[in-house]
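FYI, the numbering for the sequence shown is -17 to -1, 1 to 125, going by mature numbering (1 follows the signal peptide of the UniProt record, and there is no 0).
Glycine residues also receive a C-beta, built at the ideal position from the N, C-alpha and C atoms.
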Amino acid sequence: MFIRPLITLLLPTLLLAAPLAPRADDCVPTIYTINEYTFTTGANSTNPAVHFYFIPTYTNPSIITDPSLITTGGSSCGANAATLDTFPTESECSTGRANLIWDLRNRVDRAEIQIIHGWGLLRGERGDRRGGLEKRGVGKRC
């Protein structure tokens, strides 16, 4: 009996107080875009190849120092091989930091490609494996 009026009064207040979206770390990309994706292979293919550009988007790009943002089209990612059996399942993108690794879920000739990526760290570089780099200097810089 008293619950319905209480919910009617409190629910709008609780909804307004709750954030609409969780605040992301400004140093971590919020969106990745894959652009200019090419895939060349077949069941008996020689010289199979996969190539794409990987573009990160940040909430505040003015504080980001990411060499892949400077290059046209983003980080260049790709791999090729002489045969299907020698095609790598893991490869490194050209990011300017040399630490974006991507994997194929299955053999390249099955066309069941799911790009699984991870950020590694270079020797001497500190950061986290979510893609963010250490905050440096005065204020918030990435």
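Simplified DSSP assignment, three categories, for T16: T16 falls in the strand class under three-state DSSP.
Among T42, T72, Y36, nearest to G57 - alpha-carbon criterion: Nearest of T42, T72, Y36 to G57, Cα basis: Y36.
W85 beta carbon less than 8 Å from that of S74: Contact: yes.
Buried or exposed (CB count within 10 angstroms, at least 16 for buried), D68: Burial call: exposed.
Beta-carbon contacts of residue 204 that lie in its chain and below 6 Å, excluding the five residues immediately before and after: Residue 204 cannot be examined here, being either before or after the span of the chain that is shown, -17 to 125.
Closest residue to D92 among N30, T13, V11, D9 (Cα-Cα distance): The residue from N30, T13, V11, D9 with its alpha-carbon nearest to that of D92 is N30.
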